[in-house]
Amino acid sequence: MAMELRVLLLLLLCCPGFQAQILESKERQSEGSTLYVQCPYTAQANSYQPKVWYRVRYGEVELLALTTNPTKYLHTNQSTNGNVTIEDNPMHGTVFITMTNLQIEDSGIYCCASFSYSYGYLLLKVISLHVFKELHAWELDSLSVQCKYSTWVHSTDVIAWCRKTQTDCKVVARTGYPSAQRNSKALEDRTLIQVDSQRRTVSITMHKLQAQDTGVYWCGLYQHSRITLIMEASVNVSKRTQHHTAKESGSLSVQCPYSAPEYGAVSKAWCKEGAMEGCSVLITTNSKPSQYQRTFQHGKLTIQDDTDQGVVTITMGELQAQDSGVYSCVLYEHDHIFRMVEVTLNISEVSAGTTLLGTGGTNQGTPSGDNPAPSSNVNFFILLSGILSVLFILALISLVTLCVRQRKRLKGRGNTEAEDIYEKTEGTAQLDSTGRIESPKDDSKDLKYVTLNFTSQLIPEDPLYCNVEPSQAHRKPKDENVEYAIIALKQVPTNDKG
0 MAMELRVLLL LLLCCPGFQA QILESKERQS EGSTLYVQCP YTAQANSYQP KVWYRVRYGE
60 VELLALTTNP TKYLHTNQST NGNVTIEDNP MHGTVFITMT NLQIEDSGIY CCASFSYSYG
120 YLLLKVISLH VFKELHAWEL DSLSVQCKYS TWVHSTDVIA WCRKTQTDCK VVARTGYPSA
180 QRNSKALEDR TLIQVDSQRR TVSITMHKLQ AQDTGVYWCG LYQHSRITLI MEASVNVSKR
240 TQHHTAKESG SLSVQCPYSA PEYGAVSKAW CKEGAMEGCS VLITTNSKPS QYQRTFQHGK
300 LTIQDDTDQG VVTITMGELQ AQDSGVYSCV LYEHDHIFRM VEVTLNISEV SAGTTLLGTG
360 GTNQGTPSGD NPAPSSNVNF FILLSGILSV LFILALISLV TLCVRQRKRL KGRGNTEAED
420 IYEKTEGTAQ LDSTGRIESP KDDSKDLKYV TLNFTSQLIP EDPLYCNVEP SQAHRKPKDE
480 NVEYAIIALK QVPTNDKG
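Residues in the sequence shown are numbered consecutively from 0, following numbering that gives the first Met the number 0.
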């Protein structure tokens, strides 16, 4: 195996055999990913010929993997060397190459070829591989990246950090050039570059990142205003966002966290995003680091900066529909703003006849509890009042109906009882022309039956009252029990015998 590698490497160095018709294919892979390459071949590259995968770097050829023990039979031939696997599949006439766990150092030019002792190397495919770092950060964070350069880069050479555009790569920072963090919003003034010649490493740090800093960056050798790529990095800067809703005439408080050690002494501001003028500053704080609580008010706006906890609190009062929009908590220094949190605010109108009971908001950037909106309380009380009113009306109707029915039933019972005629069995009492009932002679305690005979004509409609006592004996007042009866008159035929 070692002998074959030496022979193949010697042949590659002497007769690389690059065909002009083979076009270079470009591949971009993130660090840690896997590269898959397919190299189809024709009858010219026989199945029993060994297949190789090598790299061209710094003008030299580096053999990475090759198929071993090739035969004329259609069997799969596979070999693995480190993170590289090569497989020759004669059935499909294709060589498959797999490179796992890619690193930045794996960037370069690669070739897939078939070897013949008679014709040398027959190139099947050329790959230009760029392995890039994928970096993620939040707004206002700092980001550091290291760029390792090889021995072919001299200590006097200039290494630059540039941002890719459609046409070129704009230099952000470079070695050998004074680099310092200045009070400017420009990315160049927020980027530091340092060289460690012993470790052959360049360190790049970008401060106060903003969403607009997202892009592709190169670390490369800077010569004659041109950059030769050493390392590529994809930087993605995300916004911190919050979403709030509130009612008209209500109020709203928004909290924006920040790093107290880094930005405690920096002024903060609350601004509203506009279509043309950018973010218009509405209220600001000052930059007195001796105070832990700094509160400022302007109109219906209040801003409070807690430099100990690293939290800015903005309160908006007397909200109106036109206050809806996109706002930002920002660092405000030397008329430059750096966004900390982006806030989307929606103000809804209050319907007529509805009283605002409170305010509420929802935070999307950070988890928060679900609080009911003020309108839910208002609607609940309105609904409850309506239900109680309906129940009261129904109860009143039911009560009136019950009273009417009870009165009719009592009236019917009175007419029925007046029609009953009781006959005398033990004693009688006669009613004189004045309607008085005389007491019976028998002073028995219980009055069983009474027969009423009228000697004068009475009007049937006139009621007759009588007091019926079982005895005329004198009793104590406490034992006196008087019963009354109301008798409706009805003409009854009488006997002529009296």
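For each residue, glycine too, the CB sits at the ideal point set by N, CA and C. Model, not experiment: these values are computed from the prediction.
Every beta strand (DSSP E) stretch that sits fully inside the stretch 116-164 and reaches 3 residues is listed by chain position as 119-137, 142-147 and 157-163. Taking the C-beta atoms as reference points, residue 217 is found nearer than 9 Å to residue 168. Within its own chain, the residues whose Cβ lies closer than 8 Å to the Cβ of residue 24, once the five positions on either side in sequence are excluded, are 124, 125, 126 and 127, listed in chain order. Ranked by Cα distance from residue 185, the first of 173, 164 and 208 is 208. Spatial neighbours of residue 52 in its own chain (CB-CB distance under 6 Å, excluding positions within 5 residues in sequence) are listed in chain order as 63, 64, 85, 96 and 111. A straight-line Cα-Cα distance of about 14 Å links residue 293 and residue 259.
Counting every other CB atom within 10 Å of its CB across the protein chains shown gives residue 151 a total below 16, marking it as exposed.
Following the DSSP letters along the chain, one finds residue 261 inside the alpha helix (DSSP H) bounded by residues 259-262. For the options 304, 332 and 347, the alpha carbon positioned closest to that of residue 248 is the one of 347.
Relative to residue 92, the option among 163, 345, 38 and 203 whose CA is nearest is 38.
Between residue 166 and residue 252, the gap from beta carbon to beta carbon reaches 9 Å or more.
One thing to note: residue 187 has its Cβ no nearer than 9 Å to the Cβ of residue 147. Between the alpha carbons of residue 408 and residue 402 lies a distance of about 10 Å. Membership of residue 167 in any beta strand (DSSP E) is not indicated, and neither H nor E is assigned to it by DSSP.
Rounded to whole angstroms, the gap between the alpha carbons of residue 200 and residue 194 is 6 Å. When beta bridges are read from the DSSP output, residue 333 appears opposite no residue.
Rounded to whole angstroms, the separation of the alpha carbons of residue 340 and residue 55 is 48 Å. For residue 189, the number of other beta carbons within 10 angstroms of its own is at least 16, and it is reported as buried. The Cβ atoms of residue 262 and residue 219 lie no closer than 9 Å to each other. Residue pairing from DSSP places residue 85 in a beta bridge opposite 78 and 96.
DSSP links residue 246 through a beta bridge to 347. By the C-beta density criterion, residue 36 is buried, having at least 16 other C-beta atoms within 10 angstroms. Taking residue 326 as reference, the option from 299, 307 and 277 with the minimal CA-CA separation is 277. In the three-state scheme derived from DSSP, where H, G and I count as helix and E and B as strand, residue 23 is classed as strand. Our two residues, residue 267 and residue 328, have alpha carbons roughly 7 Å apart in a direct line. Where residue 232 is concerned, the enclosing beta strand (DSSP E) starts and stops at 225-237. A Cβ-Cβ distance of about 6 Å is found for the pair residue 141 and residue 204, placing them in contact under the 8 Å criterion. Residue 238 sits close to residue 210, with the two beta carbons spaced by under 9 Å. In this structure, the alpha-carbon of residue 134 lies about 37 Å from that of residue 66. Inter-residue distance for residue 130 and residue 230 is about 8 Å (C-alpha atoms, whole angstroms). Nearest Cα to residue 225 within the set 254, 242 and 158: 158. Under DSSP, residue 202 forms a beta bridge with 145 and 193. Annotation: residue 79 to residue 233 spans about 31 Å, alpha carbon to alpha carbon. By the neighbour-count criterion, in which a residue is buried when 16 or more other Cβ atoms sit within 10 angstroms of its Cβ, residue 236 is buried.
Rounded to whole angstroms, the gap between the alpha carbons of residue 90 and residue 338 is 59 Å.
For residue 334, the number of other beta carbons within 10 angstroms of its own is below 16, and it is reported as exposed.
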